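In what follows, a single structure is set out as structure tokens and then discussed.
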Amino acid sequence: GKCTMTVSYNLCVSTSKPWALFRLLLRWKGSIWKLVLIELVLFILAFNAVNIIRLYLLSNEARRRFDELITWLNPADRFKMFIPIEFMLGFFVTAVVQRWTFLLNNLGFIDSLALIVAGYVHGKSERCRMIRRNIVRYCCLGQVLIYRDISLRVRKRFPTMDTVVVSGFMLPHEKQKFDETYSDYPKYWLPFQWALSLAYMARQENLIQADIHYVYIFDGIKKFREGLGELLRFDWVPLPIAYPQLIYLAVHVHFILCLISKQETSQQSAIQVPNWVPLLTIIQFVFYMGWTKVAMVLINPFGEDDDDFETNSLLDRNFKLGIRIVDATYNDPPEQKRDVFWDEEVEPLYSEESAKVSGENDKLIGSTAQIRVPESVTKIVMIPLNGFRNIPDHCQSSLKQLRRRTSRRISVVDVPRTERRASTSIFKRVHRLSNTSMPDSALERGLRSSEIFRPHSPACTTDNDRKYSPSHFSSEGDDFFANQAFNGEFEAAPKENGSTPHVLPDLQEENEESKGSENSTLEKNESTTKQD
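Taken in order, the sequence shown gives residues 513 to 1044; the numbers are from the numbering used here.
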């Protein structure tokens, strides 16, 4: 019959609606029904033959022994304990699908190579056209030679090399040179060597204007050949033959035992109608045998099954399209005019039907892009992290040094009302105090509002033991990031009654020291005045 393309059903499953999938079940070509029909009919006939023999041909004693065998096989399908059919089928189909996917990705499409040749081999002379066309034709010829040895469909199309010449992939003088070239191994490589030689000649004749362009053409031919080489290697070394033999044997032995185990005993037949159509066993047969058939179809996609690769159509496509790219459409772009959005904002158009299901929300945005700063937050205090982590809680002198060292690096970010309502403008319009020192009162307010850390004990704690507050907002704000972003990753230390953040006593003590120094200075001045 006429070879057709692989069964396509993507349009039928463009939606997940139940009727769409139901229509898929009604397909015949390449379907599970077509794959298992013959085996299913044979199984039903064999099942009824065993049933007839048991009921009408066996003696009473033989029937009793047969019933004992049925009873022995029946409890929980005893034989299934020795044949883990689901486990075996699962691994086998997984291995086969991986090979099938790899073969599909290396079928070899000429488009990229033809575009590279058309882009880098310049000229409209007959010589230049000939080089471009022959580079593509030689690559297609190499594909034909490989496909003839791995695909039954292509072998039937080109049974001899003379048929390849007649089809136009090879010229008579090229076949003569091909035959004169001696090699103990298949000469798949020879057409690709011819193509590379043509590319080198084009570079020597300055039809290729730069060495890098020649390298690009070389890489394109190399990549095309490597993909075809992978197909050849996978055909040369298939899965070990014991693997498909084991699966085939396991499935068929399973259902041979079902011919006996699923029969009814004499006691059951006496009280009900004989079971001529074992419905549940038939369903199991369709699933298991269909699973096996799927693997057998995928194990060699270059055969003649409905879902095998249509290699002949691919060869025709590559040959026709490649020649058209490098010759008929070479250096022939349309006249250049202004596009319809010239000097205007680009506004793509939709059909009325598609516009109903498309909207402004169909954009590439992150999952947290819509998180907003609470309305009550007016300022965000930004402080160094490593400095606070490395200072023990009880070391007051260290805290004083830390405050002096980091006072110039603390920033306060204003959150204007317009930006508080925006989803992506949280940290814009930053009022950064990097070049001016912050007054103690501002620093104190910033550290108080940020609540960086609180002590748990007078003793020094390590970095892992220290707890940090989740809020870096002002005292008017909410624990926004603690509730929505961090989700409890940082645990806030409980605040004791009457206690304040550990940095505040340090600030208060320093203020008291400065006030005490001012008072002592005033007293000295007064005593000096009295003496005078």
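Glycine included, C-beta positions come from ideal geometry on N, C-alpha and C.
None of the values given here were measured: they were computed from a predicted structure.
For residue 942, which residues of its own chain have a beta-carbon under 6 angstroms away from its beta-carbon, when the five flanking residues on both sides are left out?
Numbered from 1 along the sequence shown, position 430 holds the residue referred to as residue 942. Only weak support is given to the placement of residue 942: the predicted model assigns it a pLDDT of 40, under 50, and the question is left unresolved by the model.
Buried or exposed for residue 878, going by 16 or more other Cβ atoms inside 10 Å?
Reading the sequence shown from its first residue, position 366 is the one you call residue 878. With fewer than 16 other Cβ atoms within 10 Å, it is exposed.
Tell me the rounded alpha-carbon separation between residue 604 and residue 759.
Position 92 of the sequence shown, counting from 1, holds the residue named residue 604. Position 247 of the sequence shown, counting from 1, holds the residue named residue 759. So the alpha carbons of these two residues sit roughly 8 angstroms apart.
Who are the Cβ neighbours of residue 632 in its own chain at under 7 angstroms, not counting the five residues just before and after it?
The residue given as residue 632 occupies position 120 in the sequence shown. So the list reads 720, 725, 728 and 729, once near-sequence residues are dropped.
What distance in whole Å lies between the Cβ atoms of residue 698 and residue 674, which are believed to be in contact at a cut-off of 8 angstroms?
Within the sequence shown, the letter at position 162 stands for residue 674. Within the sequence shown, the letter at position 186 stands for residue 698. Incorrect: roughly 17 angstroms between the Cβ atoms, too far for contact.
Kindly give me the distance between the Cβ atoms of residue 555 and residue 767, rounded to whole angstroms, as I take these residues to be in contact under 8 angstroms.
Taking the first residue of the sequence shown as position 1, residue 555 is located at position 43. Taking the first residue of the sequence shown as position 1, residue 767 is located at position 255. So it is a contact: roughly 6 angstroms between Cβ atoms.
Could you tell me whether the stretch 617 to 637 touches the stretch 828 to 846, where touching means 3 or more Cβ pairs closer than 8 angstroms?
Touching, per the Cβ criterion.
Give a yes or no on contact between the stretch 559 to 569 and the stretch 814 to 832, applying the rule of three or more CB pairs nearer than 8 angstroms.
Verdict: no, contact absent.
Determine, using beta carbons only, whether residue 833 and residue 658 come nearer to each other than 9 angstroms.
Translated into positions along the sequence shown, residue 833 becomes position 321. Translated into positions along the sequence shown, residue 658 becomes position 146. In this structure, residue 658 does not lie closer than 9 angstroms to residue 833 by Cβ.
For the alpha helix (DSSP H) containing residue 889, list its first residue and its last residue.
For the purposes of this step, residue 889 is identified with residue 377 of the sequence shown, where counting begins at 1. Where residue 889 is concerned, there is no enclosing alpha helix (DSSP H), given that its DSSP letter is neither H nor E.
Residue 464 by DSSP, collapsed to three states: which one?
With the chain covering only 513 through 1044, there is no way to say anything about residue 464.
Is the beta carbon of residue 770 closer than 9 angstroms to that of residue 793?
For this step, residue 793 is matched to residue 281 along the sequence shown. For this step, residue 770 is matched to residue 258 along the sequence shown. Result yes, Cβ atoms of residue 793 and residue 770 sit closer than 9 angstroms.
What did DSSP end up calling residue 1080 once you bin it into helix, strand or coil?
For the chain, the structure presents residues 513 to 1044; residue 1080 sits outside this window and is missing.
Closest by CA to residue 541, which one among 642, 552, 520 and 776?
On the sequence shown, residue 541 is found 29 positions in, with the first residue counted as 1. Among 642, 552, 520 and 776, the Cα nearest to that of residue 541 belongs to 520.
When DSSP labels each residue in this structure, what does residue 542 get in the three-state scheme?
In the sequence shown, counting from the first residue as 1, residue 542 sits at position 30. It is coil, neither helix nor strand.
Between which residues of its own chain and residue 738 is the CB-CB distance below 6 angstroms, once the five residues before and five after are set aside?
Taking the sequence shown and counting its residues from 1, one reaches residue 738 at position 226. None.
Give the secondary structure of residue 850 by DSSP, where H, G and I count as helix, E and B as strand, and everything else as coil.
Position 338 of the sequence shown, counting from 1, holds the residue named residue 850. Note: residue 850 maps to coil in three-state DSSP.
Return the chain-ordered list of same chain residues with a C-beta closer than 7 angstroms to the C-beta of residue 607, the five sequence neighbours on each side being excluded.
Counting from 1 along the sequence shown, the entry for residue 607 is found at position 95. So the list reads 751, once near-sequence residues are dropped.
Which same chain residues end up closer than 7 angstroms to residue 566 when comparing Cβ atoms and leaving out the 5 residues on each side of it in sequence?
Position 54 of the sequence shown, counted from the start, is the residue given in the question as residue 566. Contacts found: 575, 578 and 775.
Got a sec? Which residues, its chain only, sit under 7 angstroms from residue 546 by beta carbon, not counting five neighbours each side?
Residue numbering aside, residue 546 sits at position 34 when the sequence shown is read from its first letter. If we look at residue 546 and ignore the five residues flanking it on each side, its Cβ neighbours are 540.
Taking the beta carbon of residue 862 as the centre, do at least 16 other beta carbons fall within 10 Å, making it buried, or is it exposed?
For the purposes of this step, residue 862 is identified with residue 350 of the sequence shown, where counting begins at 1. Label assigned to residue 862: exposed.
Under 9 angstroms between C-beta atoms, does residue 615 make it to chain B?
In the structure shown, chain B cannot be found, because there is only a single protein chain.
With a threshold of 6 angstroms on Cβ separation, who are the neighbours of residue 830 within its own chain once the five nearest residues in sequence on each side are excluded?
To locate residue 830, count along the sequence shown from 1; it is residue 318. The residues are 622 and 652.
For the alpha helix (DSSP H) that residue 770 lies in, which residues bound it at each end?
If you number the sequence shown from 1, residue 770 lands on position 258. Looking at the DSSP string, the run of the alpha helix (DSSP H) that includes residue 770 is 754 to 773.
Could you compute how far the alpha carbon of residue 882 sits from the alpha carbon of residue 667?
To locate residue 882, count along the sequence shown from 1; it is residue 370. To locate residue 667, count along the sequence shown from 1; it is residue 155. C-alpha separation (whole angstroms): 60 angstroms.
Measuring straight from C-alpha to C-alpha, what distance separates residue 614 and residue 518?
Here the question's residue 614 lines up with position 102 in the sequence shown. Here the question's residue 518 lines up with position 6 in the sequence shown. Looking at the two C-alpha atoms, the distance is approximately 17 angstroms.
For residue 1030, which residues from the same chain have a beta carbon less than 8 angstroms from its beta carbon, with the 5 sequence-adjacent residues on both sides left out?
Sequence index remark: in the sequence shown, residue 1030 carries index 518 (1-based). In this prediction, residue 1030 scores a pLDDT of 49, lower than 50, which makes its location untrustworthy; the coordinate-derived value is nonetheless stated afterwards. Excluding residues within five positions, none has a Cβ falling inside 8 angstroms.
Can you check whether the CB of residue 686 is closer than 9 angstroms to the CB of residue 701?
Numbered from 1 along the sequence shown, position 189 holds the residue referred to as residue 701. Numbered from 1 along the sequence shown, position 174 holds the residue referred to as residue 686. No.
With the cut-off set at 9 angstroms, would you say residue 736 and residue 625 are in Cβ contact?
As a first step, residue 736 is located in the sequence shown; it is residue number 224 there, counting from the start. As a first step, residue 625 is located in the sequence shown; it is residue number 113 there, counting from the start. It is a contact, given that the beta carbons lie within the stated cut-off.
What is the DSSP secondary structure of residue 634, counted as helix, strand or coil?
Along the sequence shown, read from residue 1 onward, the residue named residue 634 stands at position 122. It is coil, neither helix nor strand.
Consult DSSP for residue 668 and reduce its assignment to one of helix, strand or coil.
Looking up residue 668 in the sequence shown gives position 156. Looking at residue 668 - three-state DSSP - the assignment turns out to be helix.
Is it right to say residue 682 is buried, meaning 16 or more other beta carbons lie within 10 angstroms of its own, or is it exposed?
Working through the sequence shown from its first residue, we reach residue 682 at position 170. Buried, since its Cβ has 16 or more Cβ neighbours within 10 Å.
Flag this pair as yes or no: are the beta carbons of residue 801 and residue 537 separated by less than 9 angstroms?
The residue labelled residue 801 in the question sits at position 289 within the sequence shown. The residue labelled residue 537 in the question sits at position 25 within the sequence shown. It is not a contact, given that the beta carbons lie outside the stated cut-off.
By the DSSP assignment, the alpha helix (DSSP H) with residue 703 in it spans what residues?
Residue numbering aside, residue 703 sits at position 191 when the sequence shown is read from its first letter. Its alpha helix (DSSP H) spans residues 701 to 716.
For residue 654 and residue 703, which I take to be in contact (beta-carbon distance under 8 angstroms), what is that distance rounded to the nearest angstrom?
Numbered from its first residue, the sequence shown carries residue 654 at position 142. Numbered from its first residue, the sequence shown carries residue 703 at position 191. About 4 angstroms; that satisfies the 8 angstroms criterion.
Do residue 838 and residue 648 have their CB atoms nearer than 9 angstroms?
If you number the sequence shown from 1, residue 838 lands on position 326. If you number the sequence shown from 1, residue 648 lands on position 136. In contact: residue 838 and residue 648 (Cβ atoms closer than 9 angstroms).
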